[in-house]
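Notes to accompany the following structure.
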Amino acid sequence: MLVLLFLYGLLGSSLVSAKTLHHKFVIKETKYTRLCSTKDILTVNGQFPGPTIYASKGDTIFVDVYNSAGSNITIHWHGVDQPRNPWSDGPEYITQCPIRPGGKFTYKIILSEEVGTLWWHAHSAWDRATVHGAIFIYPEKGSSFPYSAPYKEIPIILGEWWKADVGQVIAEGLRTGADPNISDAYTINGQPGDLYNCSKQGTFKVLVEHGKTYLLRLINGAINNELFFGIAGHKLRVVGTDGGYIKPFDTNYVMITPGQTMDLLLFANQHSLNNSSAKNNRYYMATRPYASADRVEYDNSSATAIIEYKNQRSKLSPPSTSSPLFPLLPADNDTNAATAFMAKLRSLDSKDHPADVPKEIDERMIITIAMNILPCNDSDPCSNSPFSGRLASSLNNISFQSPVIDILDAYYHQIPNVYGKKFPSEPPQYFNFTGEDLPRLLMTPKRLTEVRMVEYNKSIEVVFQGTSLLAAENHPMHLHGFRFYVVGRGFGNFDKEKDPKGYNLVDPPLENTIGVPKNGWAAVRFRAGNPGVWFMHCHLDRHASWGMTTVFIVKNGKTPEAQMLPPPKDMPKC
1 MLVLLFLYGL
11 LGSSLVSAKT
21 LHHKFVIKET
31 KYTRLCSTKD
41 ILTVNGQFPG
51 PTIYASKGDT
61 IFVDVYNSAG
71 SNITIHWHGV
81 DQPRNPWSDG
91 PEYITQCPIR
101 PGGKFTYKII
111 LSEEVGTLWW
121 HAHSAWDRAT
131 VHGAIFIYPE
141 KGSSFPYSAP
151 YKEIPIILGE
161 WWKADVGQVI
171 AEGLRTGADP
181 NISDAYTING
191 QPGDLYNCSK
201 QGTFKVLVEH
211 GKTYLLRLIN
221 GAINNELFFG
231 IAGHKLRVVG
241 TDGGYIKPFD
251 TNYVMITPGQ
261 TMDLLLFANQ
271 HSLNNSSAKN
281 NRYYMATRPY
291 ASADRVEYDN
301 SSATAIIEYK
311 NQRSKLSPPS
321 TSSPLFPLLP
331 ADNDTNAATA
341 FMAKLRSLDS
351 KDHPADVPKE
361 IDERMIITIA
371 MNILPCNDSD
381 PCSNSPFSGR
391 LASSLNNISF
401 QSPVIDILDA
411 YYHQIPNVYG
421 KKFPSEPPQY
431 FNFTGEDLPR
441 LLMTPKRLTE
451 VRMVEYNKSI
461 EVVFQGTSLL
471 AAENHPMHLH
481 GFRFYVVGRG
491 FGNFDKEKDP
501 KGYNLVDPPL
511 ENTIGVPKNG
521 WAAVRFRAGN
531 PGVWFMHCHL
541 DRHASWGMTT
551 VFIVKNGKTP
561 EAQMLPPPKD
571 MPKC
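The letter at position 341 of the sequence shown is residue 341 when you use the UniProt record's numbering, and the numbering goes up by one with no holes.
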């Protein structure tokens, strides 16, 4: 069962030095009932969401994964840099072949500079819909969080639920070339909440005490939706994102993309029932979509959980029949609200936690993000697509074609004809990327398996340029193996002469997933000091399934400490 409330010692005084931890994950099918119906879902150890991993900065974690299900599986440790160790990163056919039914693989998770909240999830097909869980990373011995220690911690994992088998949902979408069916509900810690049929009894509830501070470890595990989140009657203080600290700020809501994590302080400062002036002791926490694309169908429902104040005169929760108050969240299409929230994120940049932003760069890449259409033909038939073709997506007009031998194995053992090395540093042609009524001839990408080769320790800038081809949308781009500084973002077309003058090179946020604004751009910088094969993709899974992905291969450096580790002996075979 998911650990709901957990106080890890005294948070800073009881932490031990870096250690080695061991876990056992058994992938199996388990029956779960939601929305009035029961189905088999993939789980880890029968749990949904899966078990939380507790660790400290610098620890090493070994996870034995046994596949007792009937389909292939891989696991990704989202946001963990995995220094020199791409072998345990997890994306299927990128850094490993899948773990076959009946097989086993031991992942080695090497924590380095990460601290705060990260998560793990399946990285094969859409299996992460139910195969996911949190990673809590505490400061190393002798240090503490740069904020007051919370009374308790509460993992909050946002997700999506389909009544149908999620594997069949994406398989049918790929067969027909159309958009896969939308989800039937959103979830908070695996539960849809009061507003859905047959769901009230299972609604996730948290009992809080007046005057206490709680750390919410928020994760967006949704498959295809960015989400707004808030709690009625309470401001949230944002203190961390993506395994790092930020300058704290208070907000009535957050916007979180799939893949992102946030550390939020909740101050239980509303009246408790023993106070005669109290009118309500129950408050909804809620999530609803931020759906930026026009004319694209999405699940417009809201998931809820309940914050309930304890009666200070009793150890038990008081009976309450009052309806919880609902938070005021932005409208589903409120791009201004999403942009305003993201603009507040700044690295802490303190003496103990400095921002090490590359001031100069060795290479700039401009990568266009586009929705596309591929023609149907006898060798690639499709049906029911509303666009007289197959939906696709691309980066720099290349729709990535997944290989049948993993790229890391091919690179390490120099296996030819698995991938090309010509992913371009800029789009093949320049046009008004965010203009209206763009010609259809721009919508057909090339289907290739191309990677970008990067020299070790070079300072890289990547400018993600959104486009309005087919459907403009906010795209959450995630890079494995690195966290990057988000030095700039804006709307319209990136101007390489003017826009860099406005970059924040002092305290930009350090993230592993960035929401590229609808009809806009985002610029990130990082040092390529982690040799290996690293996946980069949109974290809206339908876009990744259509080809909005690529791979960076960072070459080895000259010293042994700057080179990839050798492969483990139990790597799964293709």
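Beta carbons: idealized from backbone N, C-alpha and C, even for Gly.
None of these values were measured; they are calculated from a predicted model.
Practice problem: Please name the residue in 535, 146 and 79 whose C-alpha comes closest to that of residue 408. | Solution: Out of 535, 146 and 79, the CA that lies nearest to the CA of residue 408 is found in 535.
Exercise. Determine the direct distance from the alpha carbon of residue 406 to that of residue 99, and round the result to whole angstroms.
Key: Residue 99 and residue 406: Cα-Cα distance of roughly 13 Å.
Exercise. Would you mind stating whether residue 512 and residue 479 have Cβ atoms separated by less than 8 Å?
Key: Yes, the pair counts as a contact, with Cβ atoms nearer than the cut-off.
Quiz item: What are the complete beta strand (DSSP E) segments, minimum 3 residues, inside the segment 379–458?
Solution: Entirely contained in the segment 379–458, the beta strand (DSSP E) runs reaching 3 residues are, in chain order, 390–395, 398–400, 446–448 and 451–454.
Practice problem: Return the chain-ordered list of same chain residues with a C-beta closer than 6 Å to the C-beta of residue 157, the five sequence neighbours on each side being excluded. | Solution: Here residue 157 has 49, 189, 219 and 221 as same chain residues with Cβ atoms under 6 Å from its own Cβ, once five neighbours each way along the sequence are excluded.
Exercise. May I ask which residues mark the beginning and end of the alpha helix (DSSP H) holding residue 175?
Key: Its alpha helix (DSSP H) spans residues 166–176.
Quiz item: What's the gap between the Cα of residue 81 and the Cα of residue 483?
Solution: Rounded to whole angstroms, residue 81 to residue 483 spans 7 Å at the Cα level.
Exercise. With a 10 Å radius around its C-beta and 16 neighbouring C-beta atoms as the bar for buried, classify residue 111 as buried or exposed.
Key: Residue 111 comes out buried.
Quiz item: Would you call the CB atoms of residue 259 and residue 78 closer than 8 Å?
Solution: With respect to the 8 Å criterion, residue 259 and residue 78 are classified as neighbours on the basis of their beta carbons.
Quiz item: Apart from the five residues just before and just after residue 169, which ones in its own chain have a Cβ nearer than 6 Å to its Cβ?
Solution: Taken in chain order, the residues that qualify are 162, 180 and 181.
Quiz prompt | Three-way DSSP call (helix, strand, coil) for residue 40 in this model | solution = If DSSP states are grouped into helix, strand and coil, residue 40 belongs with the strands.
Quiz item: At what residues does the alpha helix (DSSP H) containing residue 546 begin and finish?
Solution: Here the alpha helix (DSSP H) through residue 546 covers 541–546.
Quiz item: Based on Cα-Cα distance, which residue from 551, 542 and 136 lies nearest to residue 172?
Solution: Answer by Cα proximity: 542.
Self-check item: Segment contact, 8 Å Cβ cut-off, at least three pairs: the segment 330–343 with the segment 445–453
Solution: Proximity of the segment 330–343 to the segment 445–453 falls short of the contact definition, fewer than three beta-carbon pairs being nearer than 8 Å.
Quiz prompt | Range covered by the alpha helix (DSSP H) that runs through residue 125 | solution = Annotation: residue 125 is outside any alpha helix (DSSP H) and is labelled neither H nor E by DSSP.
Practice problem: Identify which residue in 565, 389, 416 and 113 has its Cα closest to the Cα of residue 174. | Solution: Measuring from the Cα of residue 174, the nearest candidate turns out to be 389.
Quiz item: Counting Cβ pairs closer than 8 Å, one from the segment 293–306 and one from the segment 446–461, do we hit at least three?
Solution: No, the segment 293–306 does not touch the segment 446–461.
Quiz item: On the three-state DSSP scale, how would you describe residue 199?
Solution: Residue 199 falls in the coil class under three-state DSSP.
Quiz item: If you draw a straight line from the alpha carbon of residue 6 to that of residue 53, how long is it in whole angstroms?
Solution: The pLDDT assigned to residue 6 is 38, lower than 50, so where the model puts this residue is not dependable; a value taken from the coordinates is nonetheless given after this. Using only the alpha carbons, I get a separation of about 12 Å.
Self-check item: Buried versus exposed call for residue 121 [16 or more other C-beta atoms within 10 Å across all chains shown]
Solution: So residue 121 counts as buried.
Exercise. Name the two residues that bound the continuous alpha helix (DSSP H) containing residue 342.
Key: 335–342 is the extent of the alpha helix (DSSP H) around residue 342.
Practice problem: In angstroms with no decimal places, state the Cα-to-Cα distance between residue 104 and residue 494. | Solution: Straight across, the Cα-Cα distance linking residue 104 with residue 494 is about 46 Å.
Quiz item: Can you name the start and end residues of the beta strand (DSSP E) that residue 503 belongs to?
Solution: Segment: none, residue 503 is in no beta strand (DSSP E) and carries neither H nor E.
Self-check item: Pair within 8 Å by beta-carbon distance, residue 564 and residue 86
Solution: Yes, the pair counts as a contact, with Cβ atoms nearer than the cut-off.
Quiz item: Is residue 162 helix, strand or coil by DSSP?
Solution: Secondary structure of residue 162 (DSSP, three-state): coil.
Quiz item: Mapping DSSP to helix, strand and coil, what is residue 289?
Solution: Annotated three-state conformation of residue 289 is strand, per DSSP.
Self-check item: Close beta carbons around residue 101, own chain, < 7 Å, minus the five adjacent residues each side
Solution: Cβ contact annotation for residue 101 (same chain, cutoff 7 Å, sequence separation greater than five): 67, 69, 70 and 71, in chain order.
Exercise. Please go through the same chain and pick out, in chain order, the residues whose beta-carbon is closer than 6 Å to the beta-carbon of residue 22, but skip the five residues on each side of it.
Key: In the same chain as residue 22, and ignoring 5 residues on each side of it, the C-beta atoms closer than 6 Å to its own belong to 62, in chain order.
Quiz item: Near residue 502, what residues of its chain come up, given a Cβ to Cβ distance below 7 Å and the 5 sequence neighbours on each side ignored?
Solution: If the five residues before and after residue 502 are omitted, its C-beta is found closer than 7 Å to the C-beta atoms of 488, all from its own chain and listed in chain order.
Quiz item: Are the CB atoms of residue 562 and residue 518 nearer to each other than 8 Å?
Solution: Taking 8 Å as the Cβ cut-off, residue 562 and residue 518 do not qualify as a contacting pair.
Self-check item: Per DSSP, the bridge partner or partners of residue 250
Solution: Note: residue 250 sits in a beta bridge opposite 237.
Self-check item: residue 391 burial status per 10 Å Cβ neighbour count (16 or more: buried)
Solution: With 16 or more other CB atoms across the displayed protein chains lying within 10 angstroms of its CB, residue 391 is buried.
Practice problem: Answer yes or no: do residue 428 and residue 457 have a C-beta to C-beta separation smaller than 8 Å? | Solution: Not closer than 8 Å, so no.
Quiz prompt | Segment limits, beta strand (DSSP E) that includes residue 67 | solution = Boundaries of the beta strand (DSSP E) around residue 67: 60–67.
Exercise. Over the uninterrupted beta strand (DSSP E) stretch that includes residue 87, give me the two end residues.
Key: Where residue 87 is concerned, there is no enclosing beta strand (DSSP E), given that its DSSP letter is neither H nor E.
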